[in-house]
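**Q** Dropping a structure here in structure tokens format, bear with me for questions.
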Amino acid sequence: MNIQYFIIQTAIIAIGGLIIVLGAHYLIKSLLSEYLPASKSPKDTGDRQQLLALRLQAHERLVVFIDRINPANLFLRLHQPGATAGDLQAVILHEIRTEFQHNVTQQLYISTDNWKVIKKIKEDTIAMVNNAVSTLPQDATGAELSRKILNHLAGMEHNPYELTLEVLKKDIHQMF
Numbered sequence: 001m002n003i004q005y006f007i008i009q010t011a012i013i014a015i016g017g018l019i020i021v022l023g024a025h026y027l028i029k030s031l032l033s034e035y036l037p038a039s040k041s042p043k044d045t046g047d048r049q050q051l052l053a054l055r056l057q058a059h060e061r062l063v064v065f066i067d068r069i070n071p072a073n074l075f076l077r078l079h080q081p082g083a084t085a086g087d088l089q090a091v092i093l094h095e096i097r098t099e100f101q102h103n104v105t106q107q108l109y110i111s112t113d114n115w116k117v118i119k120k121i122k123e124d125t126i127a128m129v130n131n132a133v134s135t136l137p138q139d140a141t142g143a144e145l146s147r148k149i150l151n152h153l154a155g156m157e158h159n160p161y162e163l164t165l166e167v168l169k170k171d172i173h174q175m176f
């Protein structure tokens, strides 16, 4: 009888110990999952790939934006024979602002510093157009405005549109 009593007591203690160990494991696992980063699961990898795709798309759209607000391209696209400098200025400013508003959400996918560069190139382009118009006579033509701005850009040591593209390219290369 002592052996039977001993086996029953051992089984009871073993089951109790197993319950305590499983309970402790469950509690510790749930606490650790709150404080330690989760391991990379396939879902996380998929989310990261989707975010990377969105970031690349944002950079692509901003490259197009920079190209579209570059005065050399603006004048080719928006040329209106017989337009005055003031008329061309209004069309250019509207185009720049519309393009910017179309791409404003891309700031979610690029760094804050790069977004500041994008905003600065937009503001500098607007200022360049406004400054050029202010130095021309009242009856100046759109062609004169174009020539004035393109001459100003040609006189710059570094093309700001190319420099902005380089900034975006560096950001893309850092992702890989």
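Numbering follows UniProt numbering, in which position 82 of the sequence shown is assigned residue number 82; successive positions increment by one, without gaps.
Glycine included, every Cβ here is placed at the ideal spot set by N, Cα and C.
Applying the criterion that 16 or more other CB atoms from any shown protein chain within 10 Å of the CB defines a buried residue, is tyrosine 161 buried or exposed?
**A** Tyrosine 161 is buried by the Cβ-count criterion.
**Q** From the DSSP output, read off the bridge partner residues of threonine 84.
**A** Note: threonine 84 sits in a beta bridge opposite Thr141.
**Q** Would the segment 139 to 158 and the segment 107 to 116 be scored as touching if the rule is three or more Cβ pairs under 8 Å?
**A** Cβ pair count under 8 Å is below three, so no.
**Q** Which class does glutamate 157 belong to by DSSP, given the choice of helix, strand or coil?
**A** Glutamate 157: coil per DSSP, three-state reduction.
**Q** May I ask you to report which of helix, strand or coil DSSP gives asparagine 70?
**A** If DSSP states are grouped into helix, strand and coil, asparagine 70 belongs with coil.
**Q** Count the other CB atoms within 10 Å of the CB of isoleucine 121; is the residue buried (16 or more) or exposed (fewer)?
**A** Buried: at least 16 other Cβ atoms inside 10 Å.
**Q** On a Cα-Cα basis, can you pick out the residue from Gln138, His173, Leu165 that is closest to phenylalanine 65?
**A** When each option's Cα is compared against that of phenylalanine 65, the closest is Leu165.
**Q** Are the beta-carbon atoms belonging to residue 187 and leucine 136 less than 8 Å from one another?
**A** Residue 187 lies beyond the residue range present for the chain, which begins at 1 and ends at 176; the question has no answer from this structure.
**Q** Can you give the Cα-Cα distance for isoleucine 149 and glutamate 99, rounded to whole angstroms?
**A** Those two C-alpha atoms are separated by around 20 Å.
**Q** Is the beta carbon of glycine 142 less than 8 Å from the beta carbon of alanine 83?
**A** In this structure, alanine 83 lies closer than 8 Å to glycine 142 by Cβ.
**Q** With a threshold of 16 other CB atoms inside 10 Å of the CB of leucine 74, please say whether the residue is buried or exposed.
**A** So leucine 74 counts as buried.
**Q** On a CA-only basis, which of Arg55, Pro81, Gly17 is nearest isoleucine 172? Give me that one, please.
**A** Nearest option by C-alpha distance: Arg55.
**Q** According to the neighbour-count rule (16 or more other Cβ atoms, all chains shown, within 10 Å of its Cβ), is proline 81 buried or exposed?
**A** Flag for proline 81 reads exposed.
**Q** Thinking C-beta only, is isoleucine 126 closer than 8 Å to isoleucine 96?
**A** Taking 8 Å as the Cβ cut-off, isoleucine 96 and isoleucine 126 qualify as a contacting pair.
**Q** Go to tyrosine 35, then tell me how far its alpha helix (DSSP H) extends in each direction, as first and last residue.
**A** Residues 2 to 35.
**Q** Skipping 5 residues on each side, what residues in its chain have a beta carbon closer than 7 Å to that of aspartate 67?
**A** Taken in chain order, the residues that qualify are Asn73.
**Q** Just confirm the distance between the C-beta atoms of leucine 62 and glutamine 101, as a whole number of angstroms; I'd bet it's less than 8 Å.
**A** At roughly 13 Å, the Cβ-Cβ gap does not stay under 8 Å, so leucine 62 and glutamine 101 are not in contact.
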